[in-house]
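Novice: Numbering (my numbering), first residue to last: 26 to 482. Think of the CB as a built atom: it goes at the ideal place given N, C-alpha and C, for glycine as much as any other residue. The structure displayed is predicted, hence computed values, not measured ones. Please read through the structure below; I'll follow up with questions.
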Amino acid sequence: MRVEFHGAAGEVTGSMHLVEAAGKRILIDCGMVQGSPEAEARNFAPFPFDAAGIDALVLSHAHIDHVGRVPRLMLAGFDGPIHAQAATADLLPIMLLDAASLQENDADRSNRKRKPGQPKAHPLYTRGDVRNVLQQVRPHPYDHRVTLFEGVELVFRDAGHILGSSILELWADGRKLVFSGDLGMRNAPILRDPAVVRTADLLLMESTYGNRNHRERDATVRELGEILDAAWRESGNVLIPAFAVGRTQELLYWFARHWNDWDMSRWRIFLDSPMASKVVQVYDHHHALFDAEAREVWRGTPNPFRLPNLRVTETAEESMAINRIHGGAIVIAGNGMASGGRILHHMRQCLPKRQTRMVFVGYQAEGTLGRRLVDGARWVRIHGHDVRVNAHRHTVGGLSAHADQQALLEWYAGFDPPPPLALVHGEDLAREALAGEIHERHGVQAVLARPGMALDV
């Protein structure tokens, strides 16, 4: 068995790893690169391998940085099966159709502004390309051993990151490869804890927060309540960039849990995402994947997805109308790194206002607008306009969907014996810190994967 790294190797987005085993070529993830315009331009580059020679694609979960280039892979010649956990398979059309729509709109906008002699812009892929992808998807339950090919077997284990997120266990050539996917935190709301895996001949492990620990979740939730209370006292709006799958559901969960003590009925809550209602339906179909406490909350009143003051905005006109509200609104909108989507329109209007509270609840990748704001930028450019940042900024790291350093170390310690590993899905500072801790505790020297690097299992 041989593994080649082609994405999320020294960075957090663009997950893509090629496994050669039993005479077959299996691609794990085919994610979109996210961040600066220069980084995202890499999505148009040819794949560093023959896409037509890939026999199967396996997806760890439905976030765009893990699935966002799948239609591009098919355009390049791939026509094999796409294996995913059942909830991931249900989320996939929502995520990819939205991504295609954004790509088409961006291309149309560029072409309307195109000057004579400039080349015409084309989307990375279209909604029609996505529909071709969906015909190839093969859904699987957790904990069921699947035969991909003769001599190649796969199991999806619960990773506790988002609905359907998976740890992948792959057996071939008498060896076992484990890919952590993106791991969630233990005792996080809604989802079950990440599954414990005991053995591996090689482990590919994420390292997004390999150099830091989150605040205790109870303290984080209290902080969120305090932020909302301060915003209400100052008659401001609260803007929360959040991806449609993961942090959005957790935020609504906490609003429901603290409905009375946070006096949530006084707010106007907007879920400004065309995807939101569709994602809610997928969550409603997969209650069996919730932890026991979340199932109880979903049966209670108010239901997190049916808060009496929650409005899901579908149209652009409904979204624009939110900006006429000058206080008392909580706006959850995509995307989570503030590098595109509807949140940008609200930020352009609200960032100059001192009573605005800007709340970041997820990882902000290098080169994104969200990262610049978290790092303290006083001016940002949005849709070609320079915007002064007077708003209060809050990084609520304890709500992250990613395991922190301590959680990653505890999960790795579950293996017996400690396996050799390659660290992926992390910037170098995070990977180096995590590698140092693992070496000190277990005597294992981690490989820091680089694009084009190959390892034999």
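Counting C-beta neighbours from all protein chains within 10 Å, is the total for residue 436 16 or more, i.e. buried, or is it exposed?
Specialist: Sequence index remark: in the sequence shown, residue 436 carries index 411 (1-based). With 16 or more Cβ atoms within 10 Å of its Cβ, residue 436 is classed as buried.
Novice: Looking at the strands, I want to know which residues DSSP matches up with residue 165.
Specialist: Numbered from 1 along the sequence shown, position 140 holds the residue referred to as residue 165. Beta-bridge pairing links residue 165 to 110.
Novice: Find the nearest neighbour of residue 444 within the set 71, 453, 228, 55, judged by alpha-carbon distance.
Specialist: Counted from its first residue, the sequence shown places residue 444 at position 419. Nearest option by C-alpha distance: 228.
Novice: How far does the alpha helix (DSSP H) with residue 421 in it reach, from first residue to last?
Specialist: On the sequence shown, position 396 is the one that residue 421 refers to. Counting along the chain, residue 421 falls outside any alpha helix (DSSP H), and DSSP gives it neither H nor E.
Novice: Apart from the five residues just before and just after residue 379, which ones in its own chain have a Cβ nearer than 6 Å to its Cβ?
Specialist: Residue 379 sits at position 354 when you count from the first residue of the sequence shown. Taken in chain order, the residues that qualify are 415.
Novice: Contact between the stretch 425-435 and the stretch 231-243 is defined here as three or more beta-carbon pairs at a separation below 8 Å; is this criterion met?
Specialist: Judged by Cβ distances under 8 Å, the stretch 425-435 makes contact with the stretch 231-243, as three or more pairs qualify.
Novice: Could you tell me the alpha carbon to alpha carbon distance between residue 314 and residue 92, rounded to whole angstroms?
Specialist: Counting from one through the sequence shown, the residue named residue 314 turns up at place 289. Counting from one through the sequence shown, the residue named residue 92 turns up at place 67. Taking the straight line from one Cα to the other gives about 21 Å.
Novice: Indicate the three-state DSSP secondary structure (helix, strand or coil) for residue 459 in the structure shown.
Specialist: Walking along the sequence shown from the start, residue 459 turns up at place 434. Reduced to three states, the DSSP call for residue 459 is helix.
Novice: What is the DSSP secondary structure of residue 120, reduced to helix, strand or coil?
Specialist: For the purposes of this step, residue 120 is taken as the residue at position 95 of the sequence shown. DSSP places residue 120 in helix when its eight states are reduced to three.
Novice: State the DSSP-derived secondary structure class of residue 383, mapped to helix, strand or coil.
Specialist: Indexing the sequence shown from 1 puts residue 383 at position 358. In this structure, residue 383 counts as strand in the three-state DSSP scheme.
Novice: Can the beta-carbon of residue 34 be found less than 7 Å from the beta-carbon of residue 449?
Specialist: Your numbering for residue 34 matches position 9 in the sequence shown. Your numbering for residue 449 matches position 424 in the sequence shown. Yes.
Novice: Just to confirm before moving on: does the CB-CB distance between residue 55 and residue 27 stay below 7 Å?
Specialist: Position 30 of the sequence shown, counted from the first residue, corresponds to residue 55. Position 2 of the sequence shown, counted from the first residue, corresponds to residue 27. Cβ atoms of residue 55 and residue 27: not closer than 7 Å.
Novice: Less than 7 Å separating the beta-carbons of residue 294 and residue 355?
Specialist: Within the sequence shown, numbered from 1, the residue matching residue 294 stands at position 269. Within the sequence shown, numbered from 1, the residue matching residue 355 stands at position 330. Cβ distance < 7 Å, so residue 294 and residue 355 count as in contact.
Novice: With a cut-off of 8 Å on the beta carbons, I'd call residue 42 and residue 108 a contact; round off their distance for me.
Specialist: Working through the sequence shown from its first residue, we reach residue 42 at position 17. Working through the sequence shown from its first residue, we reach residue 108 at position 83. With a Cβ gap of about 14 Å, residue 42 and residue 108 do not count as contacting.
Novice: Could you tell me which of 69, 306, 360 sits nearest to residue 146, measuring between CA atoms?
Specialist: Numbered from 1 along the sequence shown, position 121 holds the residue referred to as residue 146. Residue 146 has its Cα closest to that of 69, out of 69, 306, 360.
Novice: Can you tell me the Cα-Cα spacing of residue 134 and residue 346, whole angstroms?
Specialist: Numbered from 1 along the sequence shown, position 109 holds the residue referred to as residue 134. Numbered from 1 along the sequence shown, position 321 holds the residue referred to as residue 346. Between residue 134 and residue 346, the C-alpha separation is close to 22 Å.
Novice: Kindly indicate the opening and closing residues of the alpha helix (DSSP H) around residue 158.
Specialist: For the purposes of this step, residue 158 is identified with residue 133 of the sequence shown, where counting begins at 1. Segment 152-159, the alpha helix (DSSP H) holding residue 158.
Novice: Confirm, please, whether the CB-CB distance from residue 30 to residue 478 is below 7 Å.
Specialist: Reading the sequence shown from its first residue, position 453 is the one you call residue 478. Reading the sequence shown from its first residue, position 5 is the one you call residue 30. Yes. Within cutoff.
Novice: Report the three-state DSSP secondary structure of residue 224 (helix, strand or coil).
Specialist: Along the sequence shown, read from residue 1 onward, the residue named residue 224 stands at position 199. DSSP places residue 224 in coil when its eight states are reduced to three.
Novice: Spatial neighbours of residue 303 within its chain, please: CB distance less than 7 Å, with the 5 preceding and 5 following residues excluded, ordered by chain position.
Specialist: Your numbering for residue 303 matches position 278 in the sequence shown. The residues are 119.
Novice: Which runs of the alpha helix (DSSP H) spanning at least 4 residues fall entirely within the stretch 352-396, listed in chain order?
Specialist: Listed in chain order, they are 368-375.
Novice: Please return the same chain residues whose Cβ sits closer than 7 Å to the Cβ of residue 402, not counting the five positions on each side in sequence.
Specialist: Reading the sequence shown from its first residue, position 377 is the one you call residue 402. These residues qualify, in order along the chain: 414.
Novice: For residue 326, count neighbouring C-beta atoms within 10 Å of its own C-beta (all shown protein chains included) and say buried if the count is 16 or more, exposed if not.
Specialist: Position 301 of the sequence shown, counting from 1, holds the residue named residue 326. By the 10 Å Cβ count, residue 326 comes out exposed.
Novice: At 3 residues or longer, and completely inside the stretch 249-313: list those beta strand (DSSP E) runs for me, N to C.
Specialist: Complete beta strand (DSSP E) runs here, min 3: 263-266, 293-297.
Novice: Mind checking which residues open and close the beta strand (DSSP E) that includes residue 41?
Specialist: One-based indexing of the sequence shown puts residue 41 at position 16. It spans 41-46 - the beta strand (DSSP E) in which residue 41 sits, taken as one unbroken run.
Novice: Can you list, in chain order, the residues of its chain whose CB lies under 8 Å from that of residue 452, leaving out five sequence neighbours each side?
Specialist: Position 427 of the sequence shown holds residue 452. Closer than 8 Å at the Cβ level, and outside the excluded window around residue 452, lie 35, 36, 37, 391.
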